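Remember, our numbering sits 561 above the position in the sequence shown when you count from 1. In this text, a Cβ means the ideal position worked out from N, Cα and C, and glycines have one as well. Remember, it's a predicted structure, so these values are computed and weren't measured experimentally.
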Amino acid sequence: MAVDSGVPRDYHPGLYRWSILLAFCTLLLVVAGGLVTSRDAGLSVPDWPLSYGKLMPPMEGGILYEHGHRMVATTVGILTIVSLVWLFRAERRRWLRRLGVAALLAVILQGVLGGLTVLYLLPWWISTSHACLAQLFFSTTVAMALFTSDWWLRGPTPVDENPKFPIRNLSLLAPFCVLGQLALGAAARHKAIGSIYHISAAPIVTGVILWVALRILLHYSGNRELRLASTALLVVTFCQVFLGIAAYMSRIASADAVQPMPLMVTFTVLHVAVGALTMAASVALAILVRRNVMAPETALAAARSRQGGLTATS
Numbered sequence: 562m563a564v565d566s567g568v569p570r571d572y573h574p575g576l577y578r579w580s581i582l583l584a585f586c587t588l589l590l591v592v593a594g595g596l597v598t599s600r601d602a603g604l605s606v607p608d609w610p611l612s613y614g615k616l617m618p619p620m621e622g623g624i625l626y627e628h629g630h631r632m633v634a635t636t637v638g639i640l641t642i643v644s645l646v647w648l649f650r651a652e653r654r655r656w657l658r659r660l661g662v663a664a665l666l667a668v669i670l671q672g673v674l675g676g677l678t679v680l681y682l683l684p685w686w687i688s689t690s691h692a693c694l695a696q697l698f699f700s701t702t703v704a705m706a707l708f709t710s711d712w713w714l715r716g717p718t719p720v721d722e723n724p725k726f727p728i729r730n731l732s733l734l735a736p737f738c739v740l741g742q743l744a745l746g747a748a749a750r751h752k753a754i755g756s757i758y759h760i761s762a763a764p765i766v767t768g769v770i771l772w773v774a775l776r777i778l779l780h781y782s783g784n785r786e787l788r789l790a791s792t793a794l795l796v797v798t799f800c801q802v803f804l805g806i807a808a809y810m811s812r813i814a815s816a817d818a819v820q821p822m823p824l825m826v827t828f829t830v831l832h833v834a835v836g837a838l839t840m841a842a843s844v845a846l847a848i849l850v851r852r853n854v855m856a857p858e859t860a861l862a863a864a865r866s867r868q869g870g871l872t873a874t875s
């Protein structure tokens, strides 16, 4: 599996760097989408797929944000196509190639939802679905970067699950809760519900993340991957809580303004972007937990296998 240098034979550094680029550009796409909603520029371009019947309209006013968002989305779509071709040419892992196909289908659906949002004049359920799919797609690109890294190919560092403090199934709870919170935030931004629902759910989601991360740090800290991933999730979550408070307070302070104020826009967009990072970090942690923490029945089977091997050699 590994060559003398310690680098896995199946590692493709170019593909790994391209996957990181795709994830970074997807995060920029999330930021661009946040700018569109925060600047109230959702219908600055009333047609789709063209913009005022052109490929490149005058980049001024709200058109700058709306058409700029479309340009970033097109770039991400092209990068995703290249990633898929690269995966089919270089990767032997069938499940990873299928993940690349899923990513391309997701980005196509994301574009269609974006177009329908414009054509049907910002219906909240399409706009919210568009925002949630963006978060899921970003987490997918982060996972692809994770799977193509050299240290992933080196294999896991398995630890047995502590029956008193199970973590494998609990780790899956965090990304589901974060996604639900992101959906509430998107629905609030698109005026479908009041912000109170998003605000009320924040302590619950934060508590779940603390529960998962602290359980890992207290009972599974011997595994370096899990320790670093849970620490990163905690840091990102605390930043997200601060940004959420700042976005809410700045929105209240500028409630009487005739147009969105720069400070409110900045905090809101950062809140959206770090929300995407929170989602991706929770997904990455869940993946690493499922990879490294062995279920009791799996650990027992491995122990029996090792015992059988020792008996055969003796």
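Classification of residue i by the beta-carbon crowding that lies within 10 angstroms, buried from 16 upward
i: residue 562; result: Its pLDDT being 40, under 50, residue 562 is placed unreliably in this model, and the value from its coordinates should be taken loosely. Exposed is the call here.
i: residue 736; result: buried
i: residue 662; result: exposed
i: residue 512; result: There is no way to answer for residue 512, as the model of the chain reaches only from 562 to 875.
i: residue 812; result: buried
i: residue 597; result: buried
i: residue 781; result: buried
i: residue 643; result: exposed
i: residue 688; result: buried
i: residue 699; result: buried
i: residue 718; result: exposed
i: residue 871; result: Model confidence at residue 871 stands at a pLDDT of 48, short of 50, so the residue's coordinates are unreliable and nothing is read from them.
i: residue 701; result: buried
i: residue 705; result: buried
i: residue 635; result: exposed
i: residue 675; result: buried
i: residue 600; result: buried
i: residue 606; result: buried
i: residue 664; result: buried
i: residue 603; result: buried
i: residue 682; result: exposed
Residue i and residue j closer than 8 angstroms at C-beta
i: residue 844; j: residue 728; result: no
i: residue 846; j: residue 791; result: yes
i: residue 685; j: residue 630; result: no
i: residue 595; j: residue 830; result: yes
i: residue 749; j: residue 591; result: no
i: residue 710; j: residue 626; result: no
i: residue 696; j: residue 814; result: no
i: residue 742; j: residue 774; result: no
i: residue 679; j: residue 638; result: no
Alpha carbon of residue i to alpha carbon of residue j, nearest angstrom
i: residue 580; j: residue 716; result: 19 angstroms
i: residue 805; j: residue 798; result: 10 angstroms
i: residue 785; j: residue 666; result: 34 angstroms
i: residue 824; j: residue 586; result: 24 angstroms
i: residue 842; j: residue 584; result: 13 angstroms
i: residue 713; j: residue 816; result: 48 angstroms
i: residue 789; j: residue 777; result: 10 angstroms
i: residue 565; j: residue 571; result: Low confidence applies here, because residue 565 scores a pLDDT of 45, under 50, leaving its location unreliable and the question unanswered by this model.
i: residue 747; j: residue 851; result: 29 angstroms
First through last residue of the alpha helix (DSSP H) which encompasses residue i
i: residue 918; result: What is shown of the chain runs 562 to 875, which leaves residue 918 out entirely.
i: residue 632; result: 623-651
i: residue 578; result: 574-599
Fill in: Whole alpha helix (DSSP H) elements within the stretch 788-830, 4-residue minimum
Entirely contained in the stretch 788-830, not one alpha helix (DSSP H) run reaches 4 residues.
Kindly provide the ranges of any alpha helix (DSSP H) runs that are 4 or more residues long and lie completely inside the stretch 664-742, ordered along the chain. Runs of the alpha helix (DSSP H) inside the stretch 664-742: 685-708, 711-714.
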